[in-house]
Amino acid sequence: MNANTPRPHPADQDRSISELLSGTARDLPSGRHEFHKERLMAQIHDIRRDERTETSAPRQQRRLRLPRPAITLPLTAVAVAAAVVAGVWQSGGGAGVRDSGVATGPALTTKIGAATTKGMPQLIDRISLAAADTSHPDVRPGQFIYIESKSADSFIKTVGDKSSLASHALHTRQVWESADGTEGWLIDPSVNDSPEGETLSLPDEQGNTPEATLNAPSYDYLAKLTTDPDELLAKIYKETEGMGNTPDQQAFTTIGDLLGESYPPAELYPALFKAAAKIPGVVVVDDAVDAAGRHGIAVARLDETSGQREEWIFDRKTHVFLGERTVQVRKGTGTDALITPGTVTFTSAIMKRAVVDEMKQTPTRNG
Amino acid sequence: MRTRVRAGESSAFAELFDSYARAVYNHAFRLTADWSVAEDVMAATFLEAWRLRDRVDPEGGSLRPWLLGIATNTARNQYRSNRRYRAAANAAAAAELSVPDHADEVADRVDDRRRVATALTALARLRAPEREVVTLCLVEGLDYEAAAVALGVPVGTVASRLSRARRKLRAHAEDAAVGTPYEKVPGNREGGRPARQTRGDHTSVIRPAQEGNR
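Chains as they are written, first to last, in my numbering: chain A, 332 to 698; chain B, 71 to 284.
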């Protein structure tokens, strides 16, 4: 048939094969690039932490904190996409998101407070003083730190191929931790499978005894931290290197996590606030509301990557720490565009902190 | 970059991901004939790259060949049997072509679907090792040496696989010509569409988009 045609030159032939095959090139489906990138970063973070654990003396605890919003949102979208039978959420993608018995509803929204850098040093001074004033009883061996908080969050819910914004309703979260971090208990309906809660005692179900880190600190760990703001900040930048969207945001978030669900020794508080004030981009927000509806003034920082602002809320008069929240202040991109400005992606309020003698024992008075 | 990757800096991996996720995804598709498997392979490739970071040579150029090599191995583990590849390729080709040509679907898009179907049918003719060499060398433009390193085989093996693959693809093109009532258009009537019809008619018959343009 074609015997009379000249044989193609190999180079031309290669070129035509290459053209033929490269014709299949396509972009990733919309939003998937960011999704996989974030997941990769989260996985690297986890492996790193595990590697650190393997190479050092075992101590310390596993903490079932709600994952950071930036990581949670896409994961939650996957988890929730796996759909529902009779109100029981089943977790799909796995990592990070657990079955949840918490009702879901429309997205939480708020008025976005105005941000300024004015008055920052004065505010930091006042909250440092207020924190140093509060009595912090020492934790004796065998005792537990009890923290009760209220929290809620918004997430992108995907059913079939339709995505919309939904939220986990406000619920109470209770956590007990021994001072050395090896024993603990968590009751959080958005995390637990059963209403009794679950153990946080070590070793965990994989037999690991993770070491205390800045991202999973025990009381003992916090008590040994430097109280010099500059040293502390340097340590935070060093240990969170490569995590999060930017080094500055990660440093801010790390300090926020230490404020939110831990009971730092009184000496550490001022150092934490003063360190935070040295992070570029930290601002004062005139009005913010915590999960319990208490209004206050906030120390905040905008994450340029996600367009979300993390706010630490303090009582306007007493300057006591009330809680923290994350608010979308700029429109996101891709799937995240569903999170319109004014959406509260995560909010919590500290209700009680106390030292108790037993796990699952609640204090008789506020700590 | 290589130093930062070896040091395990996650920002370096974020940059790698931004630069090469698309290339790895498309490479994985050619090796698996399934877009969603390709996405999984792509994700697994970058995680594997993180695990293998200390094996990166501190000296050298772009890390793209290294990532494509990892992707190739990952894809191979997904599809051990060639029969499965053929099934997937046929299914994917059929899926691309079965989508009705809506009047409002841009002509480019229809062409794109045809191209994918043709490419998959051609790739399904090859054995897996030949497919790997073809995609690495002819599509991704790796030289024999880089492909040999990526696949962990001698350079000679790359060359021999490639020449066998070329023969098969040529035969495939000729087969396609038999099945297609096609008249050779004399002269240079189709000039202006580069690299299509320069010598002989082999290259043109494996591009069915041409039929519609005749």
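C-beta: ideal position from N, C-alpha, C; glycine also.
Which one or two residues does DSSP pair with residue i in a beta bridge?
i, result
"glutamine 659 of chain A", "A:Gln639"
"phenylalanine 677 of chain A", "A:Asp484, A:Thr657"
"threonine 649 of chain A", "DSSP lists no partner for threonine 649 of chain A."
"leucine 496 of chain A", "A:Ile487"
"alanine 685 of chain A", "A:Tyr477"
"tryptophan 105 of chain B", "Answer is none; tryptophan 105 of chain B lacks a bridge partner."
"valine 506 of chain A", "A:Ile478, A:Leu517"
"alanine 547 of chain A", "A:Thr544"
"alanine 446 of chain A", "A:Val616"
"isoleucine 644 of chain A", "A:Ala629, A:Gly654"
"threonine 713 of chain A", "Residue 713 of chain A lies beyond the range of chain A shown here (332 to 698); nothing can be said about it."
"aspartate 634 of chain A", "A:Gln639"
"threonine 314 of chain A", "Examination of residue 314 of chain A is not possible in this model, given that chain A is present from 332 through 698 alone."
Report yes if the CB atom of residue i is closer than 9 angstroms to the CB atom of residue j, and no otherwise.
i, j, result
"leucine 564 of chain A", "lysine 493 of chain A", "no"
"tryptophan 507 of chain A", "lysine 662 of chain A", "no"
"arginine 146 of chain B", "glutamate 202 of chain B", "yes"
"phenylalanine 116 of chain B", "histidine 367 of chain A", "yes"
"glycine 612 of chain A", "aspartate 579 of chain A", "yes"
"isoleucine 455 of chain A", "phenylalanine 604 of chain A", "yes"
"threonine 530 of chain A", "leucine 517 of chain A", "yes"
"tyrosine 594 of chain A", "valine 686 of chain A", "yes"
"leucine 206 of chain B", "proline 128 of chain B", "no"
"aspartate 621 of chain A", "lysine 442 of chain A", "no"
"leucine 496 of chain A", "threonine 671 of chain A", "yes"
"alanine 438 of chain A", "serine 509 of chain A", "no"
"isoleucine 487 of chain A", "leucine 669 of chain A", "yes"
"arginine 647 of chain A", "serine 679 of chain A", "no"
"alanine 158 of chain B", "valine 107 of chain B", "yes"
"tryptophan 105 of chain B", "arginine 357 of chain A", "yes"
"serine 89 of chain B", "methionine 574 of chain A", "no"
Just to confirm my understanding: we take residue i, look at its own chain, exclude 5 residues before and 5 after, and list those with CB closer than 8 angstroms. What are they?
i, result
"methionine 112 of chain B", "Ala91, Val94, Tyr95, Ala98, Ala141"
"arginine 154 of chain B", "none"
"threonine 558 of chain A", "Glu598, Leu599, Pro601, Ala602"
"alanine 218 of chain B", "Pro224, Val225, Thr227, Val228"
Which chain A residues sit within Cβ distance under 7 angstroms of residue i?
i, result
"tyrosine 95 of chain B", "Leu359"
"arginine 65 of chain B", "Not covered by the structure: residue 65 of chain B. The range shown for chain B is 71 to 284."
"leucine 239 of chain B", "Ile348"
"arginine 100 of chain B", "Leu352, Thr355"
"leucine 117 of chain B", "Leu371, Gln374"
"alanine 84 of chain B", "Lys368, Met372"
"arginine 92 of chain B", "Asp358, Leu359"
Could you work out which residues of chain A lie near residue i, taking near to mean beta carbons separated by less than 8 angstroms?
i, result
"serine 132 of chain B", "Those within 8 angstroms of serine 132 of chain B in chain A number zero; the least Cβ separation is about 18 angstroms."
"serine 89 of chain B", "Those within 8 angstroms of serine 89 of chain B in chain A number zero; the least Cβ separation is about 11 angstroms."
"alanine 205 of chain B", "First, the amino acid is wrong: residue 205 of chain B is threonine here, not alanine. Residues of chain A passing the Cβ test: Leu352."
"threonine 188 of chain B", "Leu351, Gly354"
"leucine 221 of chain B", "Those within 8 angstroms of leucine 221 of chain B in chain A number zero; the least Cβ separation is about 17 angstroms."
"leucine 196 of chain B", "What leucine 196 of chain B touches in chain A: nothing, since even the nearest Cβ is about 11 angstroms away."
"alanine 113 of chain B", "His367, Arg370, Leu371"
Can you pull the chain A neighbours of residue i, defined as C-beta to C-beta under 9 angstroms?
i, result
"tryptophan 340 of chain B", "For residue 340 of chain B there is no data in the structure shown, the boundaries of chain B being 71 and 284."
"glutamate 109 of chain B", "Leu359, Pro360, Arg363, His367"
"alanine 192 of chain B", "Ile348, Leu351, Leu352"
Kindly list the residues whose CB is nearer than 7 angstroms to the CB of residue i, restricted to its own chain and excluding five residues on each side of it in sequence; keep chain order.
i, result
"glutamate 592 of chain A", "Arg396, Ile478, Ser480, Val506"
"threonine 144 of chain B", "Val111, Ala114, Thr115, Glu118"
"proline 123 of chain B", "Here residue 123 of chain B turns out to be arginine, not proline, going by the sequence shown. Val75, Arg76, Gly78."
"glutamate 215 of chain B", "Val225"
"proline 548 of chain A", "Leu589, Ser593"
"glycine 587 of chain A", "Glu641, Trp643, Glu655"
Quick one: list the residues of chain B neighbouring residue i, beta-carbon separation under 7 angstroms, in chain order.
i, result
"aspartate 345 of chain A", "Leu208"
"methionine 690 of chain A", "Within 7 angstroms Cβ-Cβ: nothing; methionine 690 of chain A doesn't reach chain B, min ~36 angstroms."
"glycine 573 of chain A", "Glu79, Ser80, Ser81"
Near residue i, which residues of its chain fall below 6 angstroms by C-beta distance, leaving aside the five closest residues on each side in sequence?
i, result
"lysine 569 of chain A", "none"
"tyrosine 552 of chain A", "Ala543"
"alanine 462 of chain A", "Tyr600"
"histidine 376 of chain A", "Met574"
Which chain B residues are close to residue i, counting only those with a beta carbon under 9 angstroms from its beta carbon?
i, result
"glycine 673 of chain A", "Under the 9 angstroms cutoff, chain B gives no residues; its nearest Cβ is about 29 angstroms from glycine 673 of chain A."
Inset, instruction - Entirely within the stretch 577 to 632 of chain A and at least 4 residues each: give me those alpha helix (DSSP H) ranges in chain order. - result: 578 to 591, 599 to 608
Inset, instruction - Pick out the complete alpha helix (DSSP H) segments inside the stretch 141 to 212 of chain B, 4 residues or longer, and give them in chain order. - result: 152 to 168, 177 to 194, 198 to 203
Inset, instruction - List in chain order: all unbroken alpha helix (DSSP H) runs of 4+ residues lying wholly within the stretch 337 to 377 of chain A. - result: 341 to 353
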